[in-house]
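For reference, the structure discussed in these notes is given below.
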Amino acid sequence: MHEYSLAHALLQGLLDHLEAEPVQGTITQVQVRKGELVILSEEALCEAWRILVEGTPLAGSELSLERVPSRLSCASCGYDGPARYIGEESGWHMAIPVLACPRCGARVEVLAGKELAIVGLTLEMQDAPPSGAGPRAAPEPPADKPEAEAH
Ligand SMILES: [Zn+2]
Numbered sequence: 000m001h002e003y004s005l006a007h008a009l010l011q012g013l014l015d016h017l018e019a020e021p022v023q024g025t026i027t028q029v030q031v032r033k034g035e036l037v038i039l040s041e042e043a044l045c046e047a048w049r050i051l052v053e054g055t056p057l058a059g060s061e062l063s064l065e066r067v068p069s070r071l072s073c074a075s076c077g078y079d080g081p082a083r084y085i086g087e088e089s090g091w092h093m094a095i096p097v098l099a100c101p102r103c104g105a106r107v108e109v110l111a112g113k114e115l116a117i118v119g120l121t122l123e124m125q126d127a128p129p130s131g132a133g134p135r136a137a138p139e140p141p142a143d144k145p146e147a148e149a150h
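In terms of numbering that gives the first Met the number 0, the sequence shown opens at residue 0 and continues consecutively.
What follows is the structure, given as structure tokens:
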């Protein structure tokens, strides 16, 4: 139920945000940045989301996860790079990140990889104008500028 509570926290945060700053259109996809060091089942998270959004303005939306690689910084030896994982080579179902310096074993500062946050929304407009009618749909090259030649 770990994923369920994470999905709930994400949803609650987004609903609060939407209440303060409503958006136009229907939200079809919610982009989430997931750090490599956040241990969870992506499948379970997406499944929990689908269940939780029922009956909210986000009903029918899907989560889209973007994985953020880990980055550690070691004050002892200056290492700056990804975390090492236990179980990577042994073919475990889920590798476990080690939060110690891969080079000297000292405690490290985590610079990236622990985040789990909503970073964007995909909206579907209900009253989308027919294609080609938008103000920017003018692919013709700009007309000659006689002004430029006059100078
Ligand atoms: Zn180190």
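Virtual Cβ for every residue (Gly too), placed ideally from N, Cα, C.
This one's a predicted model, so the numbers in the text were calculated from it and none came from an experiment.
When you compare the CB positions of residue i and residue j, do they come within less than 8 angstroms of one another, or not?
i, j, result
"residue 67", "residue 6", "no"
"residue 29", "residue 62", "yes"
"residue 55", "residue 9", "no"
"residue 52", "residue 60", "yes"
"residue 199", "residue 44", "Only positions 0 to 150 of the chain appear in this structure, which leaves residue 199 out of reach."
"residue 69", "residue 82", "yes"
"residue 25", "residue 125", "yes"
"residue 109", "residue 73", "no"
"residue 33", "residue 115", "yes"
In whole angstroms, what is the alpha-carbon distance linking residue i and residue j?
i, j, result
"residue 16", "residue 117", "11 angstroms"
"residue 123", "residue 100", "45 angstroms"
"residue 86", "residue 103", "19 angstroms"
"residue 131", "residue 119", "Its pLDDT being 49, under 50, residue 131 is placed unreliably by the model, and nothing is read from it."
"residue 78", "residue 23", "46 angstroms"
"residue 113", "residue 11", "20 angstroms"
"residue 20", "residue 121", "15 angstroms"
What's the call for residue i, buried or exposed, on a 16-neighbour Cβ count within 10 Å?
i, result
"residue 31", "buried"
"residue 50", "exposed"
"residue 35", "buried"
"residue 105", "exposed"
"residue 47", "buried"
"residue 38", "exposed"
"residue 76", "exposed"
"residue 96", "buried"
At which residue ranges does the region 66 to 112 contain complete alpha helix (DSSP H) runs of 4 or more residues, listed in the order of the chain? Taking only runs of at least 4 residues, no alpha helix (DSSP H) segment lies wholly in the region 66 to 112.
Runs of alpha helix (DSSP H) lying entirely within the region 14 to 54, each at least 4 residues, in chain order: You should have 41 to 51.
Residues proximal to ligand 1 by C-beta, any heavy atom closer than 5 angstroms: Taking each Cβ in turn, the ones that pass are 73, 75, 76, 78, 100, 102, 103 and 105.
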